[in-house]
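Report on the structure given below.
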Amino acid sequence: MELVGRMLDGSIPYDLKGVLQPSAGPLVGQDEKIERLQEVPIFEGCSRRQLRALARITGVFDAPAESVLMRAGEPGREFFFILDGSARVEVSPRKRARLGPGEFFGEMSLLDGQPRSATVVAETPLRLLVINGRHFWPLLKEVPELAQSIMATLSRRLRQAEKSLNA
Ligand code: CMP
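Just so we're aligned: 447 in the working numbering is position 99 of the sequence shown, and the numbers increase by one with no gaps anywhere.
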C-alpha cells in the first residue's frame, strides 16, 4: 500500500516501480520509520519533531542486487540515502565509486536541475531512504547536518576530479 500510495502522491515515480519494494512488508508505520531514522548517525541529533517531519517525507525501500537506481543522462527526481548495502556509481568507463551505509546519491540533479551525472547500480541488496525531489530543499532546511554533509561531499569530489585532471 505504501508503495502504491507513494506512486499516486508522486513521492515515488512509476519508473522505479519494478526496482523498489517497501521495506519490511507493506505497512511501515510512522513510529517504525522514526525508529529507523534515529539509528542513522546523521539524524542522531534530530529532535522528535524533526524526526516526525522526516518520517513524513521519506520512504524506506529495498532494492535487489544489480538493480539500476538511475541512469546517466536521465532527469533526476529523487534523492537516495543508503541505510544498508552498497551501490556502485559508474561515472565514466574509467571512473567508478562505491557508496555504503550513511552515504547518499542523486543529490546533484536535485541541486542544479541537470540530468543524472552517473549511473548507479545496487552492488548488494540495498535498503534505502528515498526522498522525492520536491521534498529535497525542505529536507535540507530541516536537517542542516545533511546540507553540510552534501557540501563537504561535493567539495571532496571536486578536489578529486581536479587532482585526476592534473595527474
Ligand atoms: P546525480 O547526478 O543526481 O545522479 C548520479 C549520482 O551519482 C550523483 O547525483 C551523485 O550522487 C553520484 N555521483 C556522481 N559522481 C560521483 C562521484 N565521483 N563519486 C561518488 N558519487 C558520485
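Beta carbons are placed, not taken as given, at the ideal position from N, Cα and C, and that holds for glycine.
Within 8 Å, strictly: CB atoms of residue i and residue j
| i | j | result |
| --- | --- | --- |
| L474 | D410 | yes |
| R425 | N480 | yes |
| E471 | A435 | yes |
| I390 | S503 | no |
| T467 | V416 | yes |
| R384 | L431 | yes |
| V469 | E422 | no |
| F452 | F428 | yes |
| T406 | L477 | yes |
| G454 | M418 | yes |
| S465 | A500 | no |
According to DSSP, residues forming a beta bridge with residue i
| i | result |
| --- | --- |
| R436 | R446 and V469 |
| I382 | Per DSSP, none; premise fails for I382. |
| M418 | V468 |
| N480 | E426 |
| G407 | V478 |
| P370 | F409 |
| F452 | F429 |
I need the residues with a C-beta less than 6 Å from some heavy atom of ligand 1; please give them in chain order. The set, ordered by position in the chain, is M418, G424, V437, V439, A445, F453, G454, E455, M456, S457, R464, S465, A466, V468 and R505.
Would you call the region 423-443 in contact with the region 393-403, where contact means no fewer than 3 C-beta pairs closer than 8 Å? The region 423-443 is not in contact with the region 393-403.
Does the structure place the region 460-477 close enough to the region 489-499 that three or more beta carbon pairs sit under 8 Å? Under the Cβ criterion (8 Å, minimum of three pairs), the region 489-499 does not count as touching the region 460-477.
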